[in-house]
Amino acid sequence: MIRKIITIASNLLKVTFKDKSTILWLFVMPIIWTTLLGAVSGFGSSGSNKVPIAIINTDKGSYGNIYQDIIKNEEDLNIILYSEEKFDEIINMVKDSKIAVLIYIPENFSNSILNDNEVTINVYKSSRYSSYYIEELMKKITNQINISSLTGHFILKNIEKRIILNDLDKKRYFEDSFYDALSKLTSKNIISVEYEVVSTQKEILVLPSGFNATSPGFGVMFVMIGAFFTAVVLAEERETNILARLLTAPITKLVILTGKLFGVFCVSIIQFLFIIFFGQFVLRVNWGNSPTAVLLIAISFTLSAVGLGTILSSIVKTSSQAGAFSVLISFTTSMLGGAWWPLEIMPKYLQNIGKLTPQYWAINGFNKIILRGFGINEIMPNFTILILYAIGSLLIASLIFKYE
Amino acid sequence: MKKIFLIGFKDLKIRSRDFNAFIGILLMPLILIFMLGIVFQPLWTSKPFIVDTAVVDLDNDYISDILIKDVLKSQELSKIVNLVFLNDENELRESISKGKYAAGIIINKDFTKNIISGKDDKIIILADPEQAIKASVIKNIVDTFTLEVLKRSVVIDITAKILLKESLIKKEDINYLTNEWSKEIENLKSKIEIKFLNEKSEESRTIVAMDYYAVGMGVMYLLFAANNGTESIFEEKRKGTYQRLFIMPLKKNYIFLGKIFGVFLLTITQFILIILITKFAYKVNWGNSFYGLVVMVLSSVLCFSGLSIFLASLMKSEGQIASIGPAVSLILGFTGGGMFPVFTFPPWLNTISKFTPNRWAIDGFFKLMFDKGNLIDILPYASILFLMTIIFYLTGLTIFRLKEKRND
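Residue numbers (my numbering), protein chains in the order written: chain A, 1214 to 1617; chain B, 2 to 409.
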């Protein structure tokens, strides 16, 4: 019996790997998709690309330059300096979202700081650019300059209460205290905020953005699409009476179905391992320290996807119907399961719906391994749920499957 | 001419009865638009998240009280910070590692005393790696708070240092002066104001995720729809119904043109349905320029029908179109800015994007929708789409003709 199952499965493998279209969807598309979307998506960070910021510094003194230099030190920003004459041109670029913000330092900036007068820095934001990160950063930098200036004037006031200062001394005391305060504010001592991402693998910690998010996420989605093609293959074989013809051979229905499903499972596992290896060795994605845990999730997810695909093949009437539903179901459930974006950005009710999908449990399992540095013990709930999914769906499929 | 129209309309009628086509080219984009719209809308409008945050306050003193009561529990922040108190750092770490809280704040023992006495100290923010976006919100809040605390400590430290150095005060006066200065510092007002100005064209309106994806997905699915039409040409050739048409008193070229017209009709019908359904069901604003919209719809539909014919000319069977077509549509949809706004693209991808019809179609529709553009404003986009249409049709038809000659 086992030999017959293996023969049917290996035959399916041969047919699958000869078909160029299948190769495209099993291997080429996951690579293109993971790479393209990974290059762009940067959820949570300021983005994988630097944010384009324009500065027009019209200040006549040195404090405008200090302000500008602090902004220039920010690694996530791509600073471009422009002259006053370019103001209209830059504003148009902001309107067209070619530049995220324009920071305009007025000509009386230094003068106002030295004379303790009020001054406004205008930040022109693009309405299409979500610039919460830049706003917070600008507020922080402005506050640092503000406190440094307050320190300078506070000291001058207290010295002048006690002695009379000439202009030169005033300037010296102000500058010394301004720079002293600024260096304290920009250095990491006194009160620091230590940001720690909770994970057992601090050395090689990654956040779910870029390739680290797209490799497991889209890996799961494309394996689902691949396994759902079970439905197309089985429906096609029923349509063309191949399954009916197989029944005339001296083999049982169970052997035929098991052989077919085992074949699809092998194809999907090969696909999954290919995506994982591509992520690990080409895109430099860290797939964690527990290959066994990764394999357990991969196997249990693939089984559940094959089971669901077989149920679909029993419900649909034709192979083209199976094809249409395969893409529809695997795309939407993958979105809900967190393959396309981090679940935390979704409304709570959608997150709860997402937990009904096998993709959620697979991605959550991979995140436990990749992001939290967990191993087999911690992914056991995910593995169990996926195996239950697989057993349930394969049982239902075997009961309702139509051979003719 | 009439016969070309008849063939086209007949093809449309056949396809409109196809349940699979209904799912693939109408239901699918509508579901995608809806899902992308509701997921991304809060993010695009900076609508705050609810951040589940746990605090371990080992300090229980003046400064930690200010952070918890006056900042995190303030009227403004209590809307986004859902605060829970824990007693133990290990309990906090374990809860975060299980994903129970997005962020954790640990305020060390004697934090207030250390800061007041000028010793270094820190506030630890723990983040759940799966909720890093939310945790970064808490980090920003605490960053801003520490800067305020630093203000007092920095001003007092430096003032005392300079006045002592210049022998203007005595060491024993520092405690008394610190109290006096603290009150003064609290009343100091910032002199540098930062003003954020939203820059958009006078007529423009804020982008809405549902509107954005109605265009992005709508345009991407134009190729899906057109491919669905071109598949039928191959299908009929395989089944022999196409060849049977040759017995009609009609030129071979006219039959082929009728089929191409059918592709155009199917694509335009699908797009109009998407526009109407998203307008009335999803409240998508397609702009105020009717003629501008008509020109954009026509130029986009013509362009993607042409692209589909060009792709078909390179294929051998409907199976190939069914497999390669969606792959091409998805890649063009992404590179053309249908899934992520192009301003998030690295420069190399932005350059590639300009070679896709999706980019010009999306930019044209955006002009109408977000910048209240009119017919004149969208002409550059429509012209480029028309130019692409000519290239696609000419190349596609030439390849078809060469193939026909070879077969004859």
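By construction, the Cβ of each residue, glycine as well, lies at the ideal position given by its N, Cα and C atoms.
The CB of G337(B) never comes closer than 9 Å to any CB in chain A; the least such distance is about 12 Å. Judged by their CB atoms, D12(B) and G263(B) are nearer to each other than the 8 Å cut-off. DSSP, reduced to helix, strand and coil, places N141(B) within a helical segment of the structure shown.
Following the DSSP letters along the chain, one finds V1495(A) in no beta strand (DSSP E), marked with neither H nor E. For T54(B), there is no enclosing alpha helix (DSSP H); the enclosing beta strand (DSSP E) covers residues V52 to D58. For chain A, the residues of the region 290-320 of chain B that bring a beta carbon within less than 7 Å of one of its beta carbons are G320, in chain order. Contiguous alpha helix (DSSP H) elements confined to the region 1284-1339 of chain A occur at 1300-1308 and 1322-1328, taking only those with 4 or more residues. Per DSSP, I1455(A) is one residue of the alpha helix (DSSP H) stretching across I1455 to L1460. For L1541(A), the nearest beta carbon of chain B is closer than 8 Å to its own beta carbon. Look at N1379(A) here: in three-state DSSP terms it is coil, with no helix or strand label.
Between Y1280(A) and V1307(A), the gap from beta carbon to beta carbon reaches 8 Å or more. Assigned with DSSP and collapsed to three states, N1565(A) falls in helix. V85(B) is not a Cβ neighbour of I142(B), given a cutoff of 8 Å.
When Cβ-Cβ separations below 8 Å define contact, A1394(A) makes contact with chain B. For the C-beta of I332(B), the chain A residues within less than 9 Å are, from N- to C-terminus, M1242, I1245, W1246 and L1249. Apart from the 5 residues on each side of it in sequence, D129(B) sits with its Cβ closer than 6 Å to the Cβ of I97, G100 and A103 in its chain, given in chain order.
Leaving aside the five residues that flank S1527(A) on each side, the residues in its chain whose CB is nearer than 7 Å to its CB run, in chain order, A1610, I1613, F1614 and K1615. For N1270(A), the enclosing beta strand (DSSP E) begins and ends at V1264 to N1270. Comparing alpha-carbon positions, the option among L1563(A), P1429(A), K1383(A) and F1367(A) lying closest to K190(B) turns out to be F1367(A). The three-state reading of DSSP puts D19(B) in coil, since its state is none of H, G, I, E or B.
Using a CB distance cut-off of 8 Å, G25(B) counts as an interface residue toward chain A. In the structure shown, F1514(A) adopts helical secondary structure according to DSSP, grouped into three states. Listed in chain order, the alpha helix (DSSP H) runs fully inside the region 318-400 of chain B are 319-336, 348-354 and 358-371, counting runs of at least 4 residues. Below the 7 Å Cβ cutoff, chain A contributes S1533, Q1534 and A1537 as neighbours of N21(B), in chain order. Under the criterion of beta carbons closer than 8 Å, G119(B) and D158(B) qualify as touching, at roughly 6 Å. Per DSSP, N286(B) lies in no beta strand (DSSP E) segment and is marked neither H nor E. DSSP, reduced to helix, strand and coil, places V40(B) within a helical segment of the structure shown. It is roughly 27 Å from the alpha-carbon of V1406(A) to the alpha-carbon of I1316(A). Taking a contact to require three or more Cβ pairs closer than 8 Å, the region 1356-1376 of chain A and the region 191-200 of chain B qualify as touching. In the DSSP assignment, D122(B) falls within the unbroken beta strand (DSSP E) covering D122 to A128. DSSP places L1601(A) inside the alpha helix (DSSP H), whose first and last residues are I1589 to I1613. Comparing alpha-carbon positions, the option among Y1386(A), I1377(A), L1395(A) and L1381(A) lying closest to K152(B) turns out to be L1395(A). Shown here, N228(B) sits in a helix according to DSSP, grouped into three states. Closer than 8 Å to the CB of F341(B) there is at least one CB belonging to chain A.
Our two residues, K184(B) and I1304(A), have alpha carbons roughly 43 Å apart in a direct line.
Taking CB atoms only, R1585(A) has a neighbour in chain B less than 8 Å away.
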